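Trainee:
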Amino acid sequence: MNRKSMAVLMLIAALAWVLAACGGGNSSTGANGNTSQQNGGNEQAGNEQSSSEQNEAEQVELHMMHLWPEGTTLAQYNLVNQIVDEFEQDHSNVTVNIEVLDNEQYKNKLKVLSASNKLPDIGFTWAAGFMEPYVKGGEFANLNELLDGDLKDLFVGGTTEAYSFDGNTYALPVELNIVPFYYNKAIFEENGIEVPESYEDLKNVIQTLNDNGVTPFTLGGKDAWTASFWYMYLAERLGGPELLDEAVASSTFTQSELVEAASYLQELVDMNAFIKGFNGLSNDEAKAEFLNGNVAMFLMGTWEVPNYTTNEEIPQEFRDNVGFFKFPVIDGGKGGLDDWVGGPGVGMFVSENSEHPEEAKQFAAHFVKRWGELSVTEAGVIPATKVDTATIDLPQMYIDLLNELNVANKVTLYLDVQMKPVAAEEHYNLVQALLGKAVTPEQFAQQQEDVMKEGN
Amino acid sequence: MNKVMSNKLVLALYVLPALCLLLGIVYVPIVYTGIYGLMEWDGISDMQFIGLDNYVKLLNDSSFWNSAKHSMYFALLSTASLFPYLLVAVLLTGNIRGVNVFRKIYLLPMLLSSVAIAQLWLKVYHPTSGILNTFLEWLGVEQTPSWLADPSIVLGALFIPILWQYAGFYILIYYAALRNIPASIVEAARIDGANAWQIAFRIKIPLISEIIKVTVVLAVVGSLKYFDLIYIMTDGGPNEASEVMASYMYHKAFRAFDFGYGSAVGFFLLLICLVATWIIRKLTATKDKIQYS
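Going line by line, the protein sequences match chains A and B.
All letters in the first sequence, in the order written, are residues 0 to 455 by numbering that gives the first Met the number 0.
All letters in the second sequence, in the order written, are residues 0 to 292 by numbering that gives the first Met the number 0.
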């Protein structure tokens, strides 16, 4: 009996192994099947020109990858499906296969696929430094013709530039985000505190909350880009709106304000402004602390707004209790209250090596147009296309943020996006080290500059 | 049967499929990695041959040696932990009540995927709501540690789940080896008046010394190239405090877009593993094989 049960146990393990192996095999043959079909389709499409518009045209399969999984970003997930369905109905010969990955995995997979020239026909990329290797390597298609034609004047000024190199645009922005503080009104009320007007106020708020045993800020420092927001704001408020852009452009990072910002950030760490163990928490874990009402404030991009307005999965009571405020100004600093950290989030690219560039571009144009129209009402996210708030019914927080965006003096693009990949990677390490007090502000700035100077 | 086995065609039929797979999946990529290591390549644009520059850079890269140090630390701890595993296995082969239950308990973590284990231990280590810190607070500890965020303890905190994950595997190997020792040998010893301690240390353990050598190699090499749990639980952070060689390779290749350098790290990792295996083989080599008869 004993031997038998042991044997059964092992058998199960073996079976699981075999099944896993089979699963892998299946999916790979599936992918092969697709490519061969696409190849076939392409040859024929080449023979009879411009047949794609007609109903009896060749069947075309487009592969699309996006980064809004059902679990964490339901609104965006549904919206993508809706737009794809519409497109497939209008173009009966086109099928769009969607692959969904979460943020980090998405970034990784994109790199792996590009290394083997197998990018999806349509996908999303981040701006500037992130996409530069792809553009230089000729992986993304030039989308100028769409911008001059179908999509003329559709985008908010300045958003397409973040995806442009030498006057050519290689992706269509779909999101525009800024980074405000979200705060829990109930916690503020209980502790008798007001929204801080100045940096001194902010420090007082931190002090009061800590005295009352409430964690002031949640922060997922394991995902270092979230900690980078803090550094960016401090640098901007101290050194003015152009400081960070100039630092990246000139590959210098030792300006006195940049060092000073680092020491300000360490001062906040010393004040216990951040949740315990923040350097070991992922952004999702950190976010959960805010959503559970354990933590008073959260500095995060406006892609979070649906969670505080329309997302039915989160209790109404909590959503009603969330407000936002801007990063306060620092006395004597050069940055203003209406300067933001943010920028276009992801943009849609079309692969240069797509078997069906025409259909892919058509789809991309359709996607950004419909996304612009629907994302506001359906998903509650801010598109990079112009929005007419007068005609549609929107949550108040959303309208307020949109208005903030309209009067924004300057939106500084995320530092890790601005930097080239090697420098960005070092930036992540250094921000973690800074918050963990493993480096001094001077070392932080110097090491960052050294990597930027190498200029990889 | 012998006739069939002497037919070269049949032999080839049996051997070739596995050989082709092995070549295609293991050896060809190794060669490619070696070649990529000689290139400057961001993974997208054209490669540029730069000779041994990547390896020179590697030898002077303090971050890499830092990660190598962490890997060595894991290798040492894993090897040291083999001894308690061996003891547990010896105990399990004894006639103790409930042995079967224990055997299954030890084996269970091995059946879980690394991702599940990582998620589980992330919850355990959570600084405020984790079971570990909740328990410590209940005991009256005021400054509970931030297990995965504190550079000074993160390695230790990561090693415990790894220990837990692989315990069953090694215990199972030892257990199987110990069960293979003919009962007559143990009986003879008992008749000669050997006590349980002597039977374990003078007879059973020496008899499975070949297996022990194999597990030492497995533990060392496995630790040197360990990746998954660390990638999920800390991603090498905070600030490279838990970076190991494999995660460093991954970060260089896939995060920093430096496939050439990443490949160099990978190839160097392979060399280190080969050297480690060779050294262990040399150190544990015995002239006479200990056998049952």
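In this text, a Cβ means the ideal position worked out from N, Cα and C, and glycines have one as well.
The structure displayed is predicted, hence computed values, not measured ones.
If E235/A and V340/A are in contact, beta carbons under 8 Å, what's the gap, nearest whole angstrom?
Mentor: The residue given as residue 235/A occupies position 236 in the first sequence. The residue given as residue 340/A occupies position 341 in the first sequence. Indeed, because the Cβ distance is near 7 Å, the residues count as touching under 8 Å.
Trainee: With 16 other CB atoms within 10 Å as the buried threshold, where does P314/A fall?
Mentor: Here residue 314/A corresponds to residue number 315 of the first sequence, with the count starting at 1. Counting Cβ neighbours within 10 Å, P314/A comes out exposed, since fewer than 16 surround it.
Trainee: What in chain A is Cβ-close to G42/B, meaning under 9 Å?
Mentor: For the purposes of this step, residue 42/B is identified with residue 43 of the second sequence, where counting begins at 1. The answer, in chain order, is K110, V111, S113, A114, P132, G136.
Trainee: Let me know if Q104/A comes out buried or exposed under the rule of 16 or more other beta-carbons within 10 Å of its beta-carbon.
Mentor: Residue numbering aside, residue 104/A sits at position 105 when the first sequence is read from its first letter. Exposed is the call here.
Trainee: Starting from Y13/B, trace the alpha helix (DSSP H) in both directions and tell me its first and last residue.
Mentor: Within the second sequence, residue 13/B is the residue found at index 14, counting from 1. Looking at the DSSP string, the run of the alpha helix (DSSP H) that includes Y13/B is 7-21.
Trainee: Is there a C-beta anywhere in chain A that falls below 9 Å from the one on S246/B?
Mentor: Position 247 of the second sequence, counted from the first residue, corresponds to residue 246/B. Cβ-Cβ to chain A under 9 Å: no for S246/B.
Trainee: Is the beta carbon of L228/B less than 9 Å from the beta carbon of E284/A?
Mentor: Counting from 1 along the second sequence, the entry for residue 228/B is found at position 229. Counting from 1 along the first sequence, the entry for residue 284/A is found at position 285. Result no, Cβ atoms of L228/B and E284/A do not sit closer than 9 Å.
Trainee: Where does F63/B land, buried or exposed, given buried means 16+ other C-beta within 10 angstroms?
Mentor: The residue given as residue 63/B occupies position 64 in the second sequence. Label assigned to F63/B: buried.
Trainee: Between F326/A and Y232/A, which are expected to be in contact by the criterion C-beta below 8 Å, what is the C-beta distance as a whole number of angstroms?
Mentor: Taking the first sequence and counting its residues from 1, one reaches residue 326/A at position 327. Taking the first sequence and counting its residues from 1, one reaches residue 232/A at position 233. Their Cβ separation, rounded to whole angstroms, is 4 Å, which keeps F326/A and Y232/A in contact under 8 Å.
Trainee: Against R96/B, what residues of chain A qualify as contacts under a CB-to-CB distance less than 7 Å, listed in chain order?
Mentor: Here the question's residue 96/B lines up with position 97 in the second sequence. Residues of chain A passing the Cβ test: none, with the nearest at roughly 13 Å.
Trainee: In whole angstroms, what separates the C-alpha of T214/B from that of A117/B?
Mentor: Counted from its first residue, the second sequence places residue 214/B at position 215. Counted from its first residue, the second sequence places residue 117/B at position 118. The straight-line gap from Cα to Cα measures roughly 24 Å.
Trainee: Does E136/B come within less than 9 Å of chain A when only Cβ atoms are used?
Mentor: Taking the first residue of the second sequence as position 1, residue 136/B is located at position 137. For E136/B, the answer is no, since every Cβ of chain A falls outside 9 Å of its Cβ.
Trainee: Quick check on the DSSP output: what are the complete beta strand (DSSP E) runs of length 3 or more inside the stretch 386-436 of chain A, in order along the chain?
Mentor: You should have 409-412.
Trainee: Taking the C-alpha atoms as reference points, what is the distance between I210/B and K224/B?
Mentor: Along the second sequence, one-based indexing puts residue 210/B at 211. Along the second sequence, one-based indexing puts residue 224/B at 225. One C-alpha to the other measures close to 21 Å.
Trainee: Mind checking which residues open and close the alpha helix (DSSP H) that includes I34/B?
Mentor: Within the second sequence, residue 34/B is the residue found at index 35, counting from 1. That run of the alpha helix (DSSP H) goes 27-35.
Trainee: With a floor of 4 residues, list each alpha helix (DSSP H) that falls wholly inside the stretch 91-163 of chain A, ordered by position along the chain.
Mentor: Segments of the alpha helix (DSSP H) lying fully in the stretch 91-163 of chain A: 102-114, 127-135, 143-147.
Trainee: Hey, would you say P172/A sits closer than 9 Å to G346/A, going by beta carbons?
Mentor: The residue labelled residue 172/A in the question sits at position 173 within the first sequence. The residue labelled residue 346/A in the question sits at position 347 within the first sequence. Yes, the Cβ-Cβ distance between P172/A and G346/A is below 9 Å.
Trainee: Could you give the first and the last residue of the continuous alpha helix (DSSP H) run that contains N492/A?
Mentor: One cannot answer for residue 492/A here, as it falls past the ends of chain A, which runs 0 to 455.
Trainee: Given a cut-off of 9 Å, decide if A359/A and V375/A are closer than it, judged by their beta-carbon atoms.
Mentor: The sequence position of residue 375/A within the first sequence is 376, counting from 1. The sequence position of residue 359/A within the first sequence is 360, counting from 1. Taking 9 Å as the Cβ cut-off, V375/A and A359/A do not qualify as a contacting pair.
Trainee: If you measure between the beta carbons of S66/B and N278/A, is that distance less than 9 Å?
Mentor: Within the second sequence, numbered from 1, the residue matching residue 66/B stands at position 67. Within the first sequence, numbered from 1, the residue matching residue 278/A stands at position 279. No; because the gap between Cβ atoms is not below 9 Å, this pair is not in contact.
Trainee: With DSSP run on the structure shown, which of helix, strand or coil describes V380/A?
Mentor: Taking the first residue of the first sequence as 1, we reach residue 380/A at position 381. Coil, per DSSP.
Trainee: Could you name the residues of the same chain whose beta carbon sits closer than 6 Å to that of V268/A, not counting the 5 residues immediately before and after it, in chain order?
Mentor: Here the question's residue 268/A lines up with position 269 in the first sequence. L434.
Trainee: Could you work out which residues of chain B lie near N107/A, taking near to mean beta carbons separated by less than 7 Å?
Mentor: Taking the first sequence and counting its residues from 1, the one referred to as residue 107/A is at position 108. Here the neighbours are F253.
Trainee: Does the CB of G341/A have a neighbour CB from chain B at under 9 Å?
Mentor: By 1-based counting over the first sequence, the position of residue 341/A is 342. G341/A does not count as touching chain B.
Trainee: What are the residues in the stretch 209-238 of chain B lying within 7 Å of chain A by C-beta distance?
Mentor: Answer set for the stretch 209-238 of chain B: T233, D234, G236, P237, N238.
Trainee: Given that P205/B touches chain A, what residues does it touch there, using C-beta distances under 9 Å?
Mentor: Here residue 205/B refers to the residue found at position 206 of the second sequence. In chain order: nothing, as chain A lies at least about 26 Å away.
Trainee: So which residues on chain A does W146/B lean against when the C-beta distance must stay under 8 Å?
Mentor: As a first step, residue 146/B is located in the second sequence; it is residue number 147 there, counting from the start. G276, G279, listed in chain order.
Trainee: Which residues in the same chain have their Cβ closer than 7 Å to the Cβ of Q37/A, if we skip the five residues on either side of it in sequence?
Mentor: Working through the first sequence from its first residue, we reach residue 37/A at position 38. Summary for Q37/A: the model assigns pLDDT 37, below 50, so the residue's position carries little reliability; its value from the coordinates is reported in the next sentence. E60, E354.
Trainee: Verify the CB distance criterion: does Y124/B have a CB-CB separation below 9 Å to chain A?
Mentor: Looking up residue 124/B in the second sequence gives position 125. At least one chain A Cβ lies under 9 Å of Y124/B.
Trainee: Mind reading off the beta-carbon distance from S113/A to E138/A? Whole number of angstroms is fine, and I expect it under 8 Å.
Mentor: The residue you call residue 113/A lines up with position 114 of the first sequence. The residue you call residue 138/A lines up with position 139 of the first sequence. That belief holds up - the Cβ atoms of S113/A and E138/A are roughly 5 Å apart, short of 8 Å.
Trainee: What does a CB cutoff of less than 7 Å around I205/A pick up in its chain, not counting 5 residues either side in sequence?
Mentor: Here residue 205/A is taken as the residue at index 206 of the first sequence, counted from 1. Once the five neighbours on either side are set aside, the close Cβ partners of I205/A are P215, M270, A272.
Trainee: Against chain B, with Cβ distances strictly below 9 Å, would Q431/A count as a contact?
Mentor: In the first sequence, counting from the first residue as 1, residue 431/A sits at position 432. At least one chain B Cβ lies under 9 Å of Q431/A.
Trainee: Rounded to whole angstroms, what is the Cα-Cα separation between L8/B and L21/B?
Mentor: By one-based count along the second sequence, residue 8/B stands at place 9. By one-based count along the second sequence, residue 21/B stands at place 22. C-alpha separation (whole angstroms): 20 Å.
Trainee: Rounded to the nearest angstrom, how far is the Cβ of P240/A from that of D338/A, given a contact under 8 Å?
Mentor: For the purposes of this step, residue 240/A is identified with residue 241 of the first sequence, where counting begins at 1. For the purposes of this step, residue 338/A is identified with residue 339 of the first sequence, where counting begins at 1. Contact holds; Cβ gap of about 5 Å.
Trainee: May I ask you to report which of helix, strand or coil DSSP gives W224/A?
Mentor: For the purposes of this step, residue 224/A is identified with residue 225 of the first sequence, where counting begins at 1. Helix, per DSSP.
Trainee: Taking only beta carbons into account, state which residues of the stretch 218-233 of chain A come closer than 9 Å to chain D, listed in chain order.
Mentor: Among the protein chains of the structure shown, namely A and B, there is no chain D.
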